[in-house]
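All remarks here apply to the structure that follows.
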Amino acid sequence: MEKAFWDGVAESMKQNDHNYFWVVELMKEVRDELCEMAPQSWKQEILEAIDLDTLSEVLISESHDMVFLGKILEYSLVTLQKLSAPAKEEEIKKTHKKLLNELGEISQAADRSNDSFILAMIKGLHFVLEQIQELKREISKARIRMMEPLIKGPAGLEYLRKAFENHYGSSSDALTSLPMTVQWLSSVKPSGEQEWEEHTDSLSALPTQHTSSSQGILPFTTLRTGGSVLVPANRSQVVSLSPTSTTAAGNQQPECKGERLDLLVRLGLLRLTSGIEGLKLETLPETLKLNLSRLRVVQAQLQTIIVISTSILVLRQTLLSENLGISPSEMENLVSESVKQLSELLDHVEDVGIAEIIEIISVVPDGGDNVVDAMKVQKRKEIMASFLVKSLQGNDAVFARVSQAVYLATRGVVLGGSGSWGRELAHKALRRIGAAVLTRRVIEAAEMLIVVATMSANIHGPWYTHVLDNIN
Numbered sequence: 002m003e004k005a006f007w008d009g010v011a012e013s014m015k016q017n018d019h020n021y022f023w024v025v026e027l028m029k030e031v032r033d034e035l036c037e038m039a040p041q042s043w044k045q046e047i048l049e050a051i052d053l054d055t056l057s058e059v060l061i062s063e064s065h066d067m068v069f070l071g072k073i074l075e076y077s078l079v080t081l082q083k084l085s086a087p088a089k090e091e092e093i094k095k096t097h098k099k100l101l102n103e104l105g106e107i108s109q110a111a112d113r114s115n116d117s118f119i120l121a122m123i124k125g126l127h128f129v130l131e132q133i134q135e136l137k138r139e140i141s142k143a144r145i146r147m148m149e150p151l152i153k154g155p156a157g158l159e160y161l162r163k164a165f166e167n168h169y170g171s172s173s174d175a176l177t178s179l180p181m182t183v184q185w186l187s188s189v190k191p192s193g194e195q196e197w198e199e200h201t202d203s204l205s206a207l208p209t210q211h212t213s214s215s216q217g218i219l220p221f222t223t224l225r226t227g228g229s230v231l232v233p234a235n236r237s238q239v240v241s242l243s244p245t246s247t248t249a250a251g252n253q254q255p256e257c258k259g260e261r262l263d264l265l266v267r268l269g270l271l272r273l274t275s276g277i278e279g280l281k282l283e284t285l286p287e288t289l290k291l292n293l294s295r296l297r298v299v300q301a302q303l304q305t306i307i308v309i310s311t312s313i314l315v316l317r318q319t320l321l322s323e324n325l326g327i328s329p330s331e332m333e334n335l336v337s338e339s340v341k342q343l344s345e346l347l348d349h350v351e352d353v354g355i356a357e358i359i360e361i362i363s364v365v366p367d368g369g370d371n372v373v374d375a376m377k378v379q380k381r382k383e384i385m386a387s388f389l390v391k392s393l394q395g396n397d398a399v400f401a402r403v404s405q406a407v408y409l410a411t412r413g414v415v416l417g418g419s420g421s422w423g424r425e426l427a428h429k430a431l432r433r434i435g436a437a438v439l440t441r442r443v444i445e446a447a448e449m450l451i452v453v454a455t456m457s458a459n460i461h462g463p464w465y466t467h468v469l470d471n472i473n
């Protein structure tokens with residue numbers, strides 16, 4: 002996109018009418034950016050040095066005045082150098098000198114032709130604007146470093162709360178100033194009590210000691226055919242989660258105690274990130290807009306878990322339907338290896354298609370035959386692909402069941418915390434769809450939601466309370 006833009010600017014200058022509009026606009030951007038970053042006392046000098054009226058006259062005259070252009074670019078670069086950190090001064094000087102030498106060579110080599118003038122101007126403007134963006138990034142980092150002591154701890158919460166109030170008004174105005182937050186909490190509040198009861202019932206159903214039965218093998222009913230997949234009763238064969246293990250955030254996140262505000266914010270975040278449609282800034286509650294990137298990461302993680310879980314289901318169904326006679330331990334090994342490869346693929350490759358997923362999950366034992374029938378393999382891939390495509394449709398029963406299992410698993414951690422209770426609830430929900438191996442991924446996603454919920458409740462508590470007190 003960036004290359005196309007600069008190519009378009011160059012092309013407009015090469016046309017018969019020599020349209021220099023974009024050059025003037027870009028130079029204006031350079032001037033305005035410098036004025037914004039520089040001290041007030043510098044601004045008049047910047048405005049005089051980068052004189053847009055004179056630049057327009059020079060361009061219209063088609064005199065190809067490289068000296069004038071060079072002076073403007075050199076002034077811009079020297080100003081940037083003054084604004085930059087002293088530690089980078091030598092590096093910046095070398096870079097700027099190299100550019101000015103290149104522009105001089107371009108001008109001399111082409112004997113001041115229109116093409117050389119355009120090339121020099123585009124190259125110079127592009128470089129200066131890149132340097133400006135780099136400096137702005139450095140300034141932002143420096144500001145963050147300066148503010149770090151302030152935004153940590155109670156003082157930081159107060160700072161963020163005050164900033165939110167300055168933007169949206171006091172908590173007493175929340176019903177009118179926070180329409181998306183009101184809509185969000187209104188959608189969660191009616192079912193909050195029911196979901197909490199379901200959660201506490203699930204906790205009550207857990208064994209006193211969070212360990213598995215030692216009776217060997219438990220039957221697991223598949224979603225499609227009613228056949229049985231044998232799942233080890235000793236869950237450590239599938240997923241290893243010690244009670245003292247730390248998670249993505251570095252420590253265990255707290256459980257919800259059922260307090261109204263905390264409960265509804267946690268559930269609301271879970272609902273948002275469990276949606277199929279991608280989260281957008283304009284539809285996000287005002288209290289969560291600064292957390293858009295974090296919530297998108299969680300949403301992507303949950304969707305990845307659904308895709309992997311459904312793919313595992315397709316693999317299990319294929320192994321059963323082909324009557325390959327493999328043992329439960331062999332099946333679990335195949336599932337684990339497939340999950341590992343799918344995770345690697347989905348985590349690092351954008352726009353993964355069904356074909357790539359099928360290539361991973363279609364590698365099944367050949368029943369002892371050294372020569373695998375190519376037609377049989379192709380037929381298997383086609384059947385698996387058809388099954389997977391159908392099962393990933395929003396209106397499909399398999400998709401609904403897998404999505405619900407992932408939702409319940411995540412809810413178990415979001416409400417139960419990332420300690421032993423939450424982990425056990427997540428494991429139990431995923432085991433119903435044969436995806437217990439993904440428990441750790443669910444915990445990591447849920448932990449991020451707990452962190453966001455806790456921070457938001459601490460910062461926006463007064464606004465949330467006012468809204469909840471005034472909606473049905």
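Under our numbering, the first residue of the sequence shown is numbered 2, with each subsequent residue one higher. A virtual CB, placed ideally from N, CA and C, is assigned to each residue, including glycine. Model, not experiment: these values are computed from the prediction.
The shortest CA-to-CA distance from residue 132 to any of 331, 100, 407 and 456 is the one to 100. Beyond the five residues adjoining it in sequence on each side, residue 75 comes within less than 7 Å, by CB distance, of 101 in the same chain, given in chain order.
Less than 8 Å divides the Cβ of residue 458 from the Cβ of residue 263.
Rounded to the nearest angstrom, the gap between the Cα atoms of residue 437 and residue 81 is 55 Å. Cα atoms of residue 253 and residue 189: separation of roughly 26 Å, rounded to the nearest angstrom. Here residue 433 carries a coil assignment [DSSP, helix/strand/coil]. Going by beta carbons, residue 287 and residue 182 fall inside the 8 Å limit.
Between residue 407 and residue 310, the CB-CB gap stays under 8 Å.
Between residue 77 and residue 31, the CB-CB gap stays under 8 Å. Between residue 256 and residue 420 the beta-carbon gap is near 7 Å, inside 8 Å, which marks them as a contact.
Secondary structure at residue 453: helix, using DSSP grouped into helix, strand and coil. Cα atoms of residue 58 and residue 92: separation of roughly 35 Å, rounded to the nearest angstrom. Counting every other CB atom within 10 Å of its CB across the protein chains shown gives residue 138 a total below 16, marking it as exposed.
Shown here, residue 365 sits in coil according to DSSP, grouped into three states, outside any helix or strand.
Put simply, of 61, 356, 33 and 62 the residue whose alpha carbon is nearest the alpha carbon of residue 49 is 33. In the structure shown, residue 463 adopts helical secondary structure according to DSSP, grouped into three states. Secondary structure of residue 427 (DSSP, three-state): helix. Residue 424 is a Cβ neighbour of residue 440, given a cutoff of 8 Å. In this structure, residue 315 places its C-beta atom within 8 Å of the C-beta atom of residue 362. Given a length threshold of 4 residues, each whole run of the alpha helix (DSSP H) inside the stretch 322-350 is given here in chain order: 329-349. Its chain contains 100 as the residues whose beta carbon lies nearer than 6 Å to that of residue 128, once the 5 sequence neighbours on both sides are disregarded; these appear in chain order. Just measuring C-alpha positions, the residue of 47, 270, 51 and 37 sitting nearest residue 134 is 37. The beta carbon of residue 347 sits closer than 8 Å to the beta carbons of 305, 308, 309 and 353 from its chain, once the five residues preceding and following it are set aside; these are given in chain order.
For residue 171 and residue 178, the gap between their C-alpha atoms comes out near 9 Å. In the structure shown, residue 309 adopts helical secondary structure according to DSSP, grouped into three states.
In this structure, residue 296 and residue 271 do not form a Cβ contact; the two beta carbons are roughly 11 Å apart against a cut-off of 8 Å. For residue 397, there is no enclosing alpha helix (DSSP H), since its DSSP letter is neither H nor E.
The beta carbon of residue 365 is closer than 8 Å to those of 316, 319, 320, 323, 325, 335 and 381 in its chain, skipping five residues each way along the sequence. With fewer than 16 other Cβ atoms inside 10 Å of its own Cβ, residue 472 counts as exposed. In this model, residue 394 and residue 388 are separated by some 10 Å (Cα to Cα).
For residue 288, there is no enclosing alpha helix (DSSP H), as DSSP marks it with neither H nor E. In the three-state reduction of the DSSP assignment, residue 353 falls in the coil class, being assigned neither a helical nor a strand state.
In the three-state DSSP reduction, residue 169 falls in the helix class (H, G or I).
In this structure residue 165 is in contact with residue 461, their Cβ atoms being roughly 7 Å apart against a cut-off of 8 Å.
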